[in-house]
Amino acid sequence: MKILIIGSGGREHAIARKILNSPKVTEVYCAKGNPGMLSDGIQVVNIAEDDHEGLISYVKEKNIAWTFVGPEIPLLNGIVDDFQAAGLKIFGPNKAAAMIEGSKEFAKKIMVDNAIPTADYEAFTNYEAACAYVKEKGAPIVIKADGLAAGKGVTVAMTLEEALQALKEMMTDHRFGKSGDKVVVEEFLEGQEFSLLAFVRNENVYPMVIAQDHKRAFDEDKGPNTGGMGAYSPVPQIPEEMVDAAVERILKPAASGMMKNDTPFTGILYAGLIATNTGPKVIEFNARFGDPETQVVLPRLTSDLAEIIDDLLNNKEPELTWSNQASVGVVLAAEGYPNDYKKGMSVPEFNDQVTVYFAGVTDDQGTIRASGGRVLLVEAESDSIESAQAKVYEALEEVNTTDYFYRKDIGAKSIK
Ligand code: AMP
Ligand code: GLY
Numbered sequence: 001m002k003i004l005i006i007g008s009g010g011r012e013h014a015i016a017r018k019i020l021n022s023p024k025v026t027e028v029y030c031a032k033g034n035p036g037m038l039s040d041g042i043q044v045v046n047i048a049e050d051d052h053e054g055l056i057s058y059v060k061e062k063n064i065a066w067t068f069v070g071p072e073i074p075l076l077n078g079i080v081d082d083f084q085a086a087g088l089k090i091f092g093p094n095k096a097a098a099m100i101e102g103s104k105e106f107a108k109k110i111m112v113d114n115a116i117p118t119a120d121y122e123a124f125t126n127y128e129a130a131c132a133y134v135k136e137k138g139a140p141i142v143i144k145a146d147g148l149a150a151g152k153g154v155t156v157a158m159t160l161e162e163a164l165q166a167l168k169e170m171m172t173d174h175r176f177g178k179s180g181d182k183v184v185v186e187e188f189l190e191g192q193e194f195s196l197l198a199f200v201r202n203e204n205v206y207p208m209v210i211a212q213d214h215k216r217a218f219d220e221d222k223g224p225n226t227g228g229m230g231a232y233s234p235v236p237q238i239p240e241e242m243v244d245a246a247v248e249r250i251l252k253p254a255a256s257g258m259m260k261n262d263t264p265f266t267g268i269l270y271a272g273l274i275a276t277n278t279g280p281k282v283i284e285f286n287a288r289f290g291d292p293e294t295q296v297v298l299p300r301l302t303s304d305l306a307e308i309i310d311d312l313l314n315n316k317e318p319e320l321t322w323s324n325q326a327s328v329g330v331v332l333a334a335e336g337y338p339n340d341y342k343k344g345m346s347v348p349e350f351n352d353q354v355t356v357y358f359a360g361v362t363d364d365q366g367t368i369r370a371s372g373g374r375v376l377l378v379e380a381e382s383d384s385i386e387s388a389q390a391k392v393y394e395a396l397e398e399v400n401t402t403d404y405f406y407r408k409d410i411g412a413k414s415i416k
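Pasting the structure below:
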């Protein structure tokens with residue numbers, strides 16, 4: 001089989017590499033991909049994610065068996081609908097189902113209708129009404145832009161002033177454009193976060209092993225929210241029963257709730273959860289693999305990812321098996337990220353104890369240079385989180401990371 005992956009980040013690098021491992025797969029193309037993928041034998045295709053016509057023609061011309069969609073934006077732009085209308089196989093939710101990520105209010109409605117545990121909330125389009133509600137509830141409280149804001153449209157306000165400031169920035173200063181015209185004000189949930197992803201086909205849910213992301217830019221969860229600065233899997237401090245409860249009370253009702261809502265979901269369903277004293281509660285759903293969770297979850301998959309997706313596309317039962325190894329992944333980011341950041345640095349060469357997943361890189365006459373905020377992720381597996389972590393940090397410490405930064409505490413919450 002020849003396979004096409006849509007997307008260009010570290011997540012897509014991990015997906016492409018895993019799919020290329022399959023004995024059933026001869027070629028993996030990635031549109032647009034990035035030049036860091038080439039040395040793994042992944043082919044990059046210079047067609048934009050939003051050029052559905054161009055991608056469809058390419059798939060037909062190359063006789064590609066199916067397409068896998070990495071990021072949320074093409075899903076919300078209806079790439080799955082367009083491919084299916086052209087008679088092509090593609091794995092991911094259609095536009096209507098991707099709204100579980102595209103609109104916080106839609107996601108909340110699915111949760112409320114199906115008794116899925118989540119934070120209490122209220123949605124507002126009127127600024128004064130939102131302010132009045134926040135004053136009534138008090139801090140801590142969470143303010144979220146309703147639409148997509150690249151992981152940055154959330155303020156966890158520890159004081160009333162912070163909450164009111166966030167409402168002003170979103171609703172009257174339009175800091176996130178249209179995404180902030182509607183805001184969701186949410187109860188603050190206390191507990192550790194974990195990410196539970198599953199392959200989903202209609203009401204059928206096939207969970208993956210869990211991971212923990214690190215969303216804040218700096219050590220000890222300080223600094224601004226980012227797309228994710230590192231992750232690890234497993235997450236031993238989250239008990240097995242918590243994960244089982246999340247599958248039964250969250251993922252399965254979400255999948256069947258999407259069926260009842262006439263928006264059946266097929267693709268990767270990602271639940272961002274908080275392990276509270278009263279069990280797991282949802283902070284968000286995504287309609288895709290997480291970045292950087294994918295880079296630590298897929299290395300632990302011992303069955304064939306291409307076969308899993310092929311089975312799901314052909315109404316067969318997929319086989320999922322996992323290794324007991326621990327995986328730790330640390331993002332190397334450009335100085336300044338998530339705000340304005342440095343570009344053009346050369347990319348370090350790492351030792352062979354680690355795997356590198358490239359994201360924000362460009363080709364400069366044969367040299368790979370940094371071009372994005374999250375430049376790459378360094379990942380290692382080992383018998384324990386401590387030893388996987390040691391491999392990653394050793395590899396990072398022995399190279400020159402001037403004009404870059406990375407968190408030094410990825411995985412630390414699991415090590416007591
Ligand atoms: P989100 O984009 O919804 O995942 O939110 C970004 C981050 O804000 C999450 O990873 C959490 O750390 C935090 N967060 C979101 N919602 C809540 C909540 N209701 N209570 C506590 N923290 C939250
Ligand atoms: N790691 C968070 C996300 O992919 O949304």
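The numbers in the UniProt record's numbering rise by one with no breaks, and the one at position 300 of the sequence shown is 300. Glycine residues also receive a C-beta, built at the ideal position from the N, C-alpha and C atoms. All figures in this text were calculated on a predicted structure; none of them were measured in a lab.
Check	Outcome
Beta-bridge pairing of A211 - partner residues as DSSP gives them	S195
Classification of E349 by the beta-carbon crowding that lies within 10 angstroms, buried from 16 upward	exposed
Beta bridge counterpart(s) of S327 as assigned by DSSP	S233 and E381
Residue from D221, A334 and R216 with nearest C-alpha to G227	R216
Whether V330 touches V392 by CB criterion (8 Å)	yes
Endpoints, beta strand (DSSP E) assigned at A31	E27 to K32
Start-to-end residues for the beta strand (DSSP E) that takes in K2	K2 to G7
Contact set for K104: own chain, Cβ-Cβ below 6 Å, skip 5 residues either direction	K144, D146 and V184
Residues near T159 by beta carbon distance below 7 Å, same chain, minus five either side	A139
Boundaries (first-last residue) of the alpha helix (DSSP H) holding Q353	Element bounds for Q353: n/a, residue is neither H nor E.
Secondary structure, beta strand (DSSP E): runs of 3+ residues fully inside the stretch 248-279	266-276
Check your reading: residues with Cβ closer than 5 Å to the ligand AMP heavy atoms	A119, V142, V154, V156, E186, F188, L189, K215, G272, I283 and E284
Own chain, CB closer than 7 Å to A388, minus 5 neighbours either side, in chain order	A326, S327, V328, A380, E381 and S382
Beta carbon of K252 nearer than 8 Å to that of V297	no
Contacting residues, own chain, Cβ-Cβ under 8 Å from I410 (five flanking each side not counted)	H214, M229, G230, A231, Y232, V328, G329, V330, Q389 and V392
Residue burial classification, G344 (beta-carbon count within 10 angstroms, cutoff 16)	exposed
Proximity of S12 and G78 at Cβ, strictly below 8 Å	The displayed chain sequence assigns Glu, not Ser, to residue 12. Taking 8 Å as the Cβ cut-off, E12 and G78 do not qualify as a contacting pair.
Alpha-carbon to alpha-carbon, D311 and D340	43 Å
Other residues of its chain near G76: CB distance less than 6 Å, five sequence neighbours each side excluded	The question names Gly, yet the displayed sequence has Leu at residue 76. Around L76: A98 and G102.
Classification of Q212 by the beta-carbon crowding that lies within 10 angstroms, buried from 16 upward	buried
P35 versus T266, N46, K260 and A132, residue with shortest Cα-Cα distance	N46
CB contact check: Q353 to chain D, cutoff 8 Å	No chain D is part of this structure, which consists of one protein chain only.
Span separating the alpha-carbon of E307 from that of N277	38 Å
Residues near E284 by beta carbon distance below 6 Å, same chain, minus five either side	G272
Beta-carbon spacing of I3, I64 below 8 Å	yes
Rounded straight-line distance, which links the Cα of E397 to that of A163	39 Å
For Q84, the first and last residue of its enclosing alpha helix (DSSP H)	I79 to A85
Per DSSP, cross-strand counterpart(s) of L332	L376
Distance cut-off 7 Å: G290 Cβ against heavy atoms of the ligand GLY	yes
E317 versus I309 - alpha carbon distance	10 Å
Distance, F199 Cα to G267 Cα	6 Å
Closest residue to P239 among M259, V209, M258 and A255 (Cα-Cα distance)	V209
Contacts around G54, its chain only, beta-carbon distance under 8 Å, and the 5 residues preceding and following it disregarded	I47 and A48
N286 CB to nearest heavy atom of the ligand GLY below 7 Å	yes
Heavy atom of the ligand GLY within 7 Å of D213 beta-carbon	yes
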